[in-house]
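Data block below; observations after.
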Amino acid sequence: MYQVHKRGVVEYEAHCSRVLRMLRYPRYIYTTKALYGDTGELIIEELLLNGKMTMSAVVKKVADRLTETVEDGKTMDYAEVSNTFMQLADTRFVQRCPMVHTPENSDTGPPPPAPNLVINEKDMYLVPKLSLIGKGKRRRSSDEDAAGEPKAKRPKHPTDNKEPIPDDGIYWQANLDRFHQHFRDQAIVSAVANRMDQTSSEIVRAMLRMSEVTTSSDAPFTQPLSSNEIFRSLPVGYNISKQVLDQYLTLLADDPLEFVGKSGDSGGGMYVINFCKALASLATATLESVIQERFGSRCARIFRLVLQKKHLEQKQVEDFAMIPAKEAKDMLYKMLSENFISLQEIPKTPDHAPSRTFYLYTVNILSAARMLLHRCYKSVTNLIERRQFETKENKRLLEKSQRVEAIIASVQATGAEEAQLQEIEEMITAPERQQLETLKRNVNKLDASEIQVDETIFLLESYIESTMKRQ
Amino acid sequence: MAGNKGRGRASYTFNIEAVGFGRGEKLPDVVVKPPPLFPDTDYKPVPLKTGESEDYMLALKQELRGTMKRKPYFIEKPEEKPDIERYSKKYMQTYKEEWIPDWRRLPREMMPRKKCRKDLKSKNAQGTDKVSSLINAADVLKKIEELEKKGDGEKSDEENEEKEGSKEKSKDGEDEDNEDAEQEDDDEEELEEENDYVNSYFEDGDDFGVDSDDNMDEATY
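So the protein sequences, as listed, match chains A and B.
If you're matching positions, the first sequence starts at 261 in our numbering and goes up one per residue.
If you're matching positions, the second sequence starts at 1457 in our numbering and goes up one per residue.
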């Protein structure tokens, strides 16, 4: 990411938040797989790995990859891939990159040291009219690379065509904000399902689907939807009567969590989904769950108590929570030391004498969320560090096992008997095999933990972002 | 007054009851060493989620890691030369894909010079596996050059004018690459002149040349 400074020097900037998104790549790709199948999955994967690509390049690559996985004789048609690409553009999962801006008076004065990239809002999802005809090409099987297998020469690129690409200069990238919107909606729907029942979550899902394209991703709530509209857009086969729907909606609107709010009475009742409140509730639930797992359920009870009553004195905490004084005191201090709870001073006298001041315990969700987010980042760092350490420690063993696998593969290809294979396999001794197993298990655990911590990171980041965007 | 009561006796400035310790109760021990690095936790962590989607994402992640290492955008840290060049290293090199960036979208100064290696990276936020986007040799070199250019103040304006001048002169029929190479060559010459360390002053130390002779049995005087 660069920018031209006034003095004519180009300044470069590293976008740390964008780098952190890389943790989330598997989730993006898996989501696309669930929504648009293998084709969509590969499109997004290619776009994420290459940053930005022209549509024709993406279609070609994805068709080639799909052709390899399909059985012999069949090939993947470009048209199918193009269709999926257009679907992704329609639902805004991919968007166009800013284009080079060429001012009309480009011949006066020298060209700028760095191009100026701009994009028009309405062009962002405009798919160029391409007629991509062709089929995916299957690579020769000898070019497939096994991990670490030495290659005699570079793999040949399938027909590097020198003809001009029709959509040259029009690049596409994955629209991460749209994915985040999707994750957020998913989180809300599953929260409602956990709290109430399947039907209410379906209703909320329908409402969210209707507002997908009408609401921008950082709006505090959706457009008001009338109960009639909701009824019409419920999924087919979900036969609940209009009355039951109304009852559900009222129930949702009255719920103290305030996910759904009622904004008017026209059209059978206008309802909105309140994103700010929803995200705040999700963040709070995350905090509560962390406290419960770390300090125990009694501590969680105290936490919820202070959250509910906003400000409490030490004595009041003991009374309300019905926990003996000593334990309550201990737990409060533990939480205080970890900054989940904070103290608020209310002086009785102007000189703030400690003996004549009220000390109240209170919970500030935003600052606690920020603190927890910071801890999450640290956890991810630790996980990555440990994984790299483990891999480095066992580097020699890993390389050996890779070599043995390669040997086995090549021997098998040329036809070999059982005895030979067994001999080769014994090149790795049993304790070494054990070591490899343990290593693999540990690395997998660390990787899976990274992915899961990232889920928490997503929730907390969304919440913090939503509080910052408020006018 | 209340202040005199505490003379000669331990007392606290705040109401000890409010904090929760009774009068005369034993206070907790003073901590004299830092807390342990991995303290025991009372509550063990919840096990990880398992399921089809988690397994799939795990496999995806590991696959992505491997694929990214082979991308042309992934620039590896140049390793220090090990003492012995291992034979196996020749066969373990990963082959990167070829890639030519779209120069219209990038600042001009990133264009490589004629004699240097190709495959310089373009945008920062892509392709690198971990958070080490700006920290690699190619970029460090470029930064140093930029800084040197910047530090000259007026010199940089001169350079710009030079570039414009040479561009107008050689506009007809010359390759853009050649143009840049010429300008870069000019810049290089300038840079070398400004170098504080003149190359001819390099004095061979006592150890220079001795290491290459492995069979030196005689002692050095």
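Here a beta-carbon is modelled for each residue, glycine too, at the ideal position from N, C-alpha and C.
Members of the segment 645-672 of chain A that neighbour chain B once the beta carbon cut-off is set at 8 angstroms: Glu659
Name the chain A residues whose beta carbon is nearer than 9 angstroms to that of Leu1409 (chain B)? Residue 1409 (chain B) is absent from the model: chain B starts at 1457 and stops at 1677.
Give me the Cα-Cα distance between Gln441 (chain A) and Ser627 (chain A), rounded to the nearest whole angstrom. Within the first sequence, numbered from 1, the residue matching residue 441 (chain A) stands at position 181. Within the first sequence, numbered from 1, the residue matching residue 627 (chain A) stands at position 367. Using only the alpha carbons, I get a separation of about 23 angstroms.
Which residues mark the beginning and the end of the beta strand (DSSP E) in which Gly521 (chain A) is found? Here residue 521 (chain A) refers to the residue found at position 261 when the first sequence is read from its first residue. Start and end: 520-524.
Given Asp1511 (chain B) as reference, the closest of A:Ala317, A:Ile724, A:Asn704 once Cα atoms are compared: Reading the second sequence from its first residue, position 55 is the one you call residue 1511 (chain B). With distances taken between Cα atoms, Asp1511 (chain B) lies closest to A:Asn704.
Could you tell me whether the Cβ atoms of Pro484 (chain A) and Val449 (chain A) are closer together than 7 angstroms? Taking the first sequence and counting its residues from 1, the one referred to as residue 484 (chain A) is at position 224. Taking the first sequence and counting its residues from 1, the one referred to as residue 449 (chain A) is at position 189. Against a cut-off of 7 angstroms, the Cβ pair of Val449 (chain A) and Pro484 (chain A) comes out as no contact.
Distance, Ser526 (chain A) Cα to Ser1589 (chain B) Cα: Position 133 of the second sequence, counted from the start, is the residue given in the question as residue 1589 (chain B). Position 266 of the first sequence, counted from the start, is the residue given in the question as residue 526 (chain A). In this prediction, Ser1589 (chain B) scores a pLDDT of 41, lower than 50, which makes its location untrustworthy; the coordinate-derived value is nonetheless stated afterwards. If you take the alpha carbons of Ser1589 (chain B) and Ser526 (chain A), they lie about 54 angstroms apart.
Residue from B:Pro1490, B:Asp1496, B:Val1502, B:Pro1491 with nearest C-alpha to Glu771 (chain A): Given that chain A is displayed from residue 261 to residue 731, the structure contains no residue 771 (chain A) and the question cannot be resolved.
Please work out which residues of its chain come closer than 8 angstroms, Cβ to Cβ, to Ile490 (chain A), disregarding the five sequence neighbours upstream and downstream, and give them in chain order. In the first sequence, counting from the first residue as 1, residue 490 (chain A) sits at position 230. Taken in chain order, the residues that qualify are Ile463, Ala466, Met467, Met470, Leu505, Leu509, Tyr531.
Can the beta-carbon of Leu603 (chain A) be found less than 7 angstroms from the beta-carbon of Tyr619 (chain A)? In the first sequence, residue 603 (chain A) corresponds to position 343, counting from 1. In the first sequence, residue 619 (chain A) corresponds to position 359, counting from 1. Yes, they are a contact pair.
Classification of Glu578 (chain A) by the beta-carbon crowding that lies within 10 angstroms, buried from 16 upward: Taking the first residue of the first sequence as 1, we reach residue 578 (chain A) at position 318. Under this definition Glu578 (chain A) is a buried residue.
Buried or exposed (CB count within 10 angstroms, at least 16 for buried), Ser316 (chain A): Within the first sequence, residue 316 (chain A) is the residue found at index 56, counting from 1. Looking at its Cβ environment, which holds 16 or more other Cβ atoms inside 10 Å, Ser316 (chain A) is buried.
Do the CB positions of Thr351 (chain A) and Thr299 (chain A) come within less than 7 angstroms of each other? Indexing the first sequence from 1 puts residue 351 (chain A) at position 91. Indexing the first sequence from 1 puts residue 299 (chain A) at position 39. Not closer than 7 angstroms, so no.
Checking contacts by CB at 7 angstroms: is Lys1525 (chain B) closer than that to chain A? For this step, residue 1525 (chain B) is matched to residue 69 along the second sequence. Not one chain A Cβ lies under 7 angstroms of Lys1525 (chain B).
Determine, using beta carbons only, whether Val566 (chain A) and Tyr621 (chain A) come nearer to each other than 7 angstroms. As a first step, residue 566 (chain A) is located in the first sequence; it is residue number 306 there, counting from the start. As a first step, residue 621 (chain A) is located in the first sequence; it is residue number 361 there, counting from the start. For Val566 (chain A) and Tyr621 (chain A), yes; Cβs fall inside 7 angstroms.
So with Cβ pairs under 7 angstroms, would you call Val1488 (chain B) a contact of chain A? Counting from one through the second sequence, the residue named residue 1488 (chain B) turns up at place 32. No, Val1488 (chain B) lies away from the interface with chain A (no Cβ there is under 7 angstroms from its Cβ).
How would you label Tyr1499 (chain B), buried or exposed, when you count the other beta carbons within 10 angstroms and need 16 or more for buried? Working through the second sequence from its first residue, we reach residue 1499 (chain B) at position 43. Tyr1499 (chain B) comes out exposed.
Using three-state DSSP, classify Gln433 (chain A) as helix, strand or coil. Within the first sequence, the letter at position 173 stands for residue 433 (chain A). Gln433 (chain A) falls in the strand class under three-state DSSP.
When Cβ atoms are compared, which residues of the segment 548-571 of chain A fall closer than 8 angstroms to chain B? Glu553, Arg554, Phe555, Gly556
For Glu659 (chain A), three-class secondary structure by DSSP: Walking along the first sequence from the start, residue 659 (chain A) turns up at place 399. Helix, per DSSP.
Residue closest to Ser460 (chain A), alpha-carbon to alpha-carbon, out of A:Met591, A:Val319, A:Ile430, A:Asp514: Here residue 460 (chain A) refers to the residue found at position 200 when the first sequence is read from its first residue. Closest by alpha carbon: A:Asp514.
Between Ile711 (chain A) and chain B, is the shortest Cβ-Cβ distance under 7 angstroms, so that the two count as touching? Sequence index remark: in the first sequence, residue 711 (chain A) carries index 451 (1-based). Yes - at least one Cβ of chain B is within 7 angstroms of the one on Ile711 (chain A).
Confirm, please, whether the CB-CB distance from Leu696 (chain A) to Arg647 (chain A) is below 7 angstroms. Reading the first sequence from its first residue, position 387 is the one you call residue 647 (chain A). Reading the first sequence from its first residue, position 436 is the one you call residue 696 (chain A). Result no, Cβ atoms of Arg647 (chain A) and Leu696 (chain A) do not sit closer than 7 angstroms.
Short Cβ contact (7 angstroms threshold) for Ser342 (chain A) with Val319 (chain A): Within the first sequence, residue 342 (chain A) is the residue found at index 82, counting from 1. Within the first sequence, residue 319 (chain A) is the residue found at index 59, counting from 1. A contact, by the Cβ cut-off of 7 angstroms.
Would you tell me roughly how many angstroms separate the C-alpha atoms of Lys652 (chain A) and Leu539 (chain A), rounded to the nearest one? Reading the first sequence from its first residue, position 392 is the one you call residue 652 (chain A). Reading the first sequence from its first residue, position 279 is the one you call residue 539 (chain A). Using only the alpha carbons, I get a separation of about 40 angstroms.
Distance, Met591 (chain A) Cα to Asn624 (chain A) Cα: The residue given as residue 624 (chain A) occupies position 364 in the first sequence. The residue given as residue 591 (chain A) occupies position 331 in the first sequence. So the alpha carbons of these two residues sit roughly 17 angstroms apart.
Which of the residues in the segment 1506-1517 of chain B, read from start to end, lie with their CB under 7 angstroms from any CB of chain A? Ser1509, Glu1510, Tyr1512, Met1513, Leu1514, Leu1516, Lys1517
Determine which residues share a DSSP beta bridge with Ile604 (chain A) and list them. Here residue 604 (chain A) refers to the residue found at position 344 when the first sequence is read from its first residue. For the sequence presented, residue 604 (chain A) should be read as Gln rather than Ile. Bridge partners of Gln604 (chain A): A:Leu620.
Should Gln324 (chain A) be labelled buried (16 or more other beta-carbon atoms within 10 Å of its own) or exposed? Indexing the first sequence from 1 puts residue 324 (chain A) at position 64. Contrary to the premise, residue 324 (chain A) reads as Asp rather than Gln in this sequence. Burial call: buried.
Given Asn642 (chain A) as reference, the closest of A:Ser709, A:Arg630, A:Cys276 once Cα atoms are compared: Here residue 642 (chain A) is taken as the residue at index 382 of the first sequence, counted from 1. Taking only the C-alpha atoms, the option nearest Asn642 (chain A) is A:Ser709.
Note the first and the last residue of the continuous alpha helix (DSSP H) segment covering Tyr723 (chain A). Counting from one through the first sequence, the residue named residue 723 (chain A) turns up at place 463. Here the alpha helix (DSSP H) through Tyr723 (chain A) covers 690-728.
Spell out whether any CB of chain B is found under 7 angstroms from the CB atom of Tyr288 (chain A). If you number the first sequence from 1, residue 288 (chain A) lands on position 28. Chain B contact via Cβ: absent.
Write down the C-beta distance between Leu1520 (chain B) and Pro286 (chain A) rounded to the nearest angstrom, noting that I regard them as a contact closer than 8 angstroms. Start at 1 with the first residue of the second sequence, and residue 1520 (chain B) comes out as number 64. Start at 1 with the first residue of the first sequence, and residue 286 (chain A) comes out as number 26. Confirmed, Cβ separation roughly 7 angstroms.
I think Leu1516 (chain B) touches Tyr290 (chain A), with their Cβ atoms under 8 angstroms apart; what is that distance to the nearest whole Å? Numbered from its first residue, the second sequence carries residue 1516 (chain B) at position 60. Numbered from its first residue, the first sequence carries residue 290 (chain A) at position 30. The Cβ separation is near 7 angstroms, so the contact holds.
Does Ile500 (chain A) come out as helix, strand or coil in the three-state DSSP assignment? Numbered from 1 along the first sequence, position 240 holds the residue referred to as residue 500 (chain A). Ile500 (chain A): coil per DSSP, three-state reduction.
Taking the alpha-carbon of Arg561 (chain A) as reference, which of A:Ala690, A:Ile583, A:Val640 has the nearest alpha-carbon? In the first sequence, residue 561 (chain A) corresponds to position 301, counting from 1. Comparing Cα-Cα distances from Arg561 (chain A) to each of A:Ala690, A:Ile583, A:Val640, the minimum goes to A:Ile583.
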